[in-house]
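Single-structure report; data block below.
Numbering (UniProt numbering), first residue to last: 1 to 324.
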C-alpha cells in the first residue's frame with residue numbers, strides 16, 4: 001500500500017507511484033456516490049438550460065454567477081463550460097454595426113476635462129451618448145445617461161428623430177433624483193452642444209466636458225455600454241417596431257442595472273454600486289419621444305410588470321410578462 005502520511009524514511013508519494021507504475025491520481029481518487037452525483041449533474045443541466053433560455057448571452061462566467069445568485073448553486077466555471085457544451089449552448093455575440101455622430105458648427109464646443117482624471121466615486125462624472133437601433137421598418141435613436149464610475153444607466157430615451165429634445169428629456173429625468181454629477185461628458189454631437197441641453201447642465205452648476213472630434217475613446221464607458229446593449233439584447237431580439245424596442249430595452253436596462261455583475265466592479269451590479277434600490281425604475285422613460293405614428297407607452301403598467309418578472313426569477317420561473 002502506498003503510504004501518504006510518511007516520515008523521512010518513506011519515499012514520496014510520487015516516488016512510490018513510480019515504483020508501482022501507478023498514476024498519482026489513483027492515490028488521491030475518492031469515489032462519489034453515484035446517485036448524488038447524477039442528481040446534481042441533472043440539476044445543473046436543468047438550471048443552465050433555463051437560465052440560458054432567459055439570457056442567451058451568458059457565457060461560463062456569467063452562467064456561474066447566475067447559478068450562484070438565482071439558484072444558490074456554486075459551480076466551477078470549467079464544469080459550467082463542460083455542461084454548456086454538453087447541451088450545445090454558447091453565448092450569443094453577433095457582429096456589431098457602425099454608428100456615427102454629427103456636430104453643429106454654430107454650437108459652442110467645450111474642452112475635454114477627463115484627461116488624467118482618476119474617477120473613483122459615483123456622481124463624479126456622468127456621460128451620455130446616442131446610438132442607432134435598427135428595426136424591421138428603419139431606425140430608432142437611443143440616448144442613455146450613465147454614471148461613469150458605477151456603469152449605472154440613470155435614464156434613457158428612444159426617438160424617431162435626432163433633434164435635441166429627447167436627449168434633454170433623458171437628462172432631466174436623470175437629474176430628477178436630486179443627484180448631480182460634478183462633470184458631464186458627451187461627444188460633440190449637435191444634440192449635446194445645443195443650448196437646450198447645455199443650459200440644463202449650466203443651470204445645475206455642472207461642468208461640461210466634450211470629447212475631442214473623432215476621439216471615441218474619450219467617452220469609452222458609454223461606448224462599452226452600447227456594445228453590451230447591442231450584443232446582449234438588440235441584435236438578438238431584432239425588434240420590429242419602436243414600441244417593441246422600448247419595452248425590450250426597458251427589460252434589458254432593468255436587468256443590466258440590477259442583475260448583471262461586472263468584473264470591474266468586483267462582481268457587483270451597477271445599481272448596487274451606485275446605491276439604487278433593487279426595483280428602482282428611474283431608467284424607464286415616461287414615453288417614446290414624439291414622432292409621426294408613434295404610440296405612447298404606459299410606464300406604470302410596464303414598471304409593475306418588470307417588478308413581477310424579476311420577483312419570479314428567485315423561484316426559477318423567469319418568464320415574459322410584457323408583450324409587444
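Each residue gets a CB set at the ideal place from its N, CA and C atoms; glycine is no exception.
Classified as buried, residue 192 has 16 or more neighbouring CB atoms from the shown chains inside 10 Å of its CB. Between residue 107 and residue 190, the C-beta spacing is below 8 angstroms. Secondary structure within the segment 103 to 139: the beta strand (DSSP E) runs of 3 or more consecutive residues, fully enclosed, are 125 to 135 (chain order).
Looking at the backbone, the Cα of residue 209 and that of residue 227 are separated by about 22 angstroms.
DSSP places residue 208 in the strand class (E or B) of the three-state scheme. In this structure, residue 276 keeps its C-beta atom at 8 angstroms or more from the C-beta atom of residue 144. The DSSP assignment places 242 to 258 as complete runs of the alpha helix (DSSP H) inside the segment 225 to 262, in order along the chain (cut-off: 4 residues). DSSP places residue 144 in the strand class (E or B) of the three-state scheme.
For residue 155, the three-state secondary structure derived from DSSP is strand. Take residue 204, set aside five residues on each side of it, and the residues of its chain with a beta-carbon closer than 8 angstroms to its own are 175 and 180, in chain order.
Among the bridge pairs identified by DSSP, residue 183 is matched with 125 and 207.
Residue burial is scored here from C-beta neighbours: residue 14 has fewer than 16 other C-beta atoms within 10 angstroms and is therefore classed as exposed. Taking a 10 Å sphere around the C-beta of residue 240, we find fewer than 16 other C-beta atoms and assign the residue as exposed.
The Cβ-Cβ distance between residue 147 and residue 274 falls below 8 angstroms. Counted as a single uninterrupted DSSP element, the alpha helix (DSSP H) harbouring residue 87 occupies residues 77 to 87.
Setting aside the 5 residues that flank it on each side, residue 81 is surrounded in the same chain by 60, each with a C-beta closer than 8 angstroms to its C-beta; the list follows chain order. Distance between residue 212 and residue 55, taken at the CA atoms: about 36 angstroms. Put simply, the backbone Cα of residue 18 is about 9 angstroms away from that of residue 24.
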